[in-house]
Every structure is written in structure tokens, then in C-alpha cells.
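All the letters of the sequence shown, read from the start, carry residue numbers 1 to 170 under this note's numbering. Using N, Cα and C, we set each Cβ at its ideal position, and we do this for glycine too. Everything on this sheet refers to the single structure shown next.
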Amino acid sequence: MSSVLPSRLDPWQAVDNRSVVAGRLPLSSLPRLRGLLLDATGDVRFRLGFGRDEARRAVLRCEVAATLKLRCQRCLEALDHKVDADTWLALVSGIDEERLLPERYDPLPVDDEPIRPRDLIEDELLLALPQIPMHAPVVCAQQIPDVDGARMRSAKASPFAVLAALKHGR
């Protein structure tokens, strides 16, 4: 097992060697993810395990864990989003191979070029992001004053209260 993340890796050789790469990366070193975070402090823990499955397919088990600081789109405050992803990828060299994969595998198209393990880790984190990050409604309700509710209650008292005040010169 290696704790040093290579910048490039031959996936076929890694499969043949049953390579395992594990360690930590600073979130700030992932440029595509960094721009989506409220705060890019912290690390992502990762483990990439290459090998073959029972059908002799070249596979990669990609495990990532991190706490991402996002902005809640309801209250606009900080939101901690925990990611703990465990994905099985099958290395494929064409669409025909991809169509034959069992459901448990996501395809990882590769050719004779080396892959970038850092990109795989960043991709898994990006896929784990919610479309619209939000706290549970109870958490946001404590942070947002009930302006609309107060407005509705006062409107129920008299919908013409404002006009009455204008008429009487108040």
C-alpha cells in the first residue's frame, strides 16, 4: 500500500499489481471542488484499490471521506456535508464493454494513457455534492426570523389597515 498519491498512474499496471493507494489530500488542492465550497479547509481521506473481480474484470474500488463546508441555500449559513463514498469502477476501453457491466459497477473509460488519481478523488467528491445544499428545516427555522408569518398575521387583522391609516392622515 502506498501513501503517496502519484500524479499519474497506469491503470492496467495498477490492476495487474493489485495496487492500493491511500492517504489524505487537502480540499484546497482540488480546484474544481474548491470553487463550490464555502470554506476549503480540511482533508479528504481516500483509498484506491485496483484489482480484478470474480469475472476477471479490471476494477477499482474508490473510497473517499470528507466533511465539505457548503452554504445552505435556505438560510445562507454554513452547512457541514459529510461524504463517505465507496464506489466500484470497472475499467472499460469502449462503449460495448460498458454496456455489459453489472449494475454494481460504474464505468471508468481508460485507454493506454495514464489516469490522474487526484481527478478520480475529486470526481467522487463532486458527485457526492447535493444539488441544493440545505439544513434540515428545523435547523434553518431557528436561524431565519418568521417575517412572512408575522406579515400574514397582521394582514388577517385588517387587510385595509394601511388604507385606513392613510385616510386618517397617520
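Checking the sheet assignment: what are the DSSP bridge partners for residue 115? Its beta-bridge partners are 9.
Beta-carbon gap between residue 20 and residue 49 smaller than 8 angstroms: Yes, these two residues count as a Cβ contact at 8 angstroms.
Which one or two residues does DSSP pair with residue 50 in a beta bridge? Answer is 60.
Is residue 32 helix, strand or coil when you go by DSSP? If DSSP states are grouped into helix, strand and coil, residue 32 belongs with the helices.
Find the nearest neighbour of residue 95 within the set 83, 87, 111 and 129, judged by alpha-carbon distance. Taking only the C-alpha atoms, the option nearest residue 95 is 111.
Any contact between the region 131 to 138 and the region 72 to 88? By contact I mean 3 or more CB pairs, one from each, below 8 angstroms. Yes, the region 131 to 138 touches the region 72 to 88.
Exposed or buried, residue 125, counting other C-beta atoms within 10 Å across all chains shown (16 or more means buried)? By the beta-carbon neighbour count (other beta carbons within 10 angstroms, threshold 16), residue 125 is buried.
Alpha carbon of residue 39 to alpha carbon of residue 68, nearest angstrom: If you draw a straight line from the Cα of residue 39 to the Cα of residue 68, it comes to about 8 angstroms.
Should residue 4 be labelled buried (16 or more other beta-carbon atoms within 10 Å of its own) or exposed? Counting Cβ neighbours within 10 Å, residue 4 comes out exposed, since fewer than 16 surround it.
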